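This report concerns only the one structure given below.
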Amino acid sequence: MTTINRDSLRKLGSRRFATVPGMEDTGHEFRVRSLSELESSELLQSWQIDEDGTPDAAKRPLLRARLVQLCLVDDEGEPLFGTGSGEFPASELDDILALDSRITQRVGDFLFEHLGMIGKTKIDIEETVKN
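Its first residue numbered 551, the sequence shown is counted upward by one per residue in my numbering.
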């Protein structure tokens with residue numbers, strides 16, 4: 551194994567894509583993408599209410615829906631939601647929140663692991679935000 555260099559690090563830094571397991575019963579494949587460090591940091595920062603990292607408990611239920619909005623992609627790796635110019639309207643969260651919770655929970659829980667935010671299916675938002 552060799553020590554990482556800048557070029558190798560950049561190659562590792564490109565988006566990762568994955569298929570959410572356990573969705574076969576829907577008749578569809580659910581593909582997701584990773585977030586950049588900037589996107590991840592901005593997302594987690596938006597769930598804090600003060601500088602010491604205290605999470606906004608009222609926003610907690612929306613985090614999973616926001617992850618689905620940002621990370622669910624089509625066959626070409628393009629987000630299913632958003633304007634195409636990198637903007638994700640808040641009104642889309644209502645559409646996601648209206649979906650069957652089994653779908654959003656499975657996809658959302660997989661995303662927490664895929665994004666390296668927490669361990670498998672253990673949703674501990676306070677710890678995620680504090681880190």
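C-beta atoms are modelled at their ideal positions from N, C-alpha and C, and glycine is treated no differently.
All values reported here derive from a predicted model rather than from experimental measurement.
Give me the Cα-Cα distance between VAL618 and SER635, rounded to the nearest whole angstrom.
Numbered from its first residue, the sequence shown carries residue 618 at position 68. Numbered from its first residue, the sequence shown carries residue 635 at position 85. So the alpha carbons of these two residues sit roughly 17 angstroms apart.
Once you ignore the five residues that flank GLY572 on each side, which residues in its own chain have a CB closer than 7 angstroms to its CB?
As a first step, residue 572 is located in the sequence shown; it is residue number 22 there, counting from the start. The residues are ARG656.
Which parts of the stretch 617-666 are runs of the alpha helix (DSSP H), unbroken and 4 residues or longer, counting only runs that do not cross its ends?
641-647 and 651-664
Would THR706 pass as a contact of ARG616 if the rule is Cβ separation under 8 angstroms?
In the structure as shown, the chain begins at 551 and stops at 681. Residue 706 is therefore absent and cannot be evaluated.
For LEU643 and PHE662, I'd like the C-alpha separation in whole angstroms.
Taking the sequence shown and counting its residues from 1, the one referred to as residue 643 is at position 93. Taking the sequence shown and counting its residues from 1, the one referred to as residue 662 is at position 112. The alpha-carbon atoms of LEU643 and PHE662 are separated by roughly 18 angstroms.
Considering only the beta carbon of each residue, do LEU585 and LEU620 sit closer than 8 angstroms?
The count along the sequence shown starts at 1 and reaches residue 585 at position 35. The count along the sequence shown starts at 1 and reaches residue 620 at position 70. Their beta carbons are under 8 angstroms apart, which means LEU585 touches LEU620 by this criterion.
Other residues of its chain near PHE638: CB distance less than 7 angstroms, five sequence neighbours each side excluded:
Within the sequence shown, the letter at position 88 stands for residue 638. So the list reads GLN619, LEU620, PHE631 and GLY632, once near-sequence residues are dropped.
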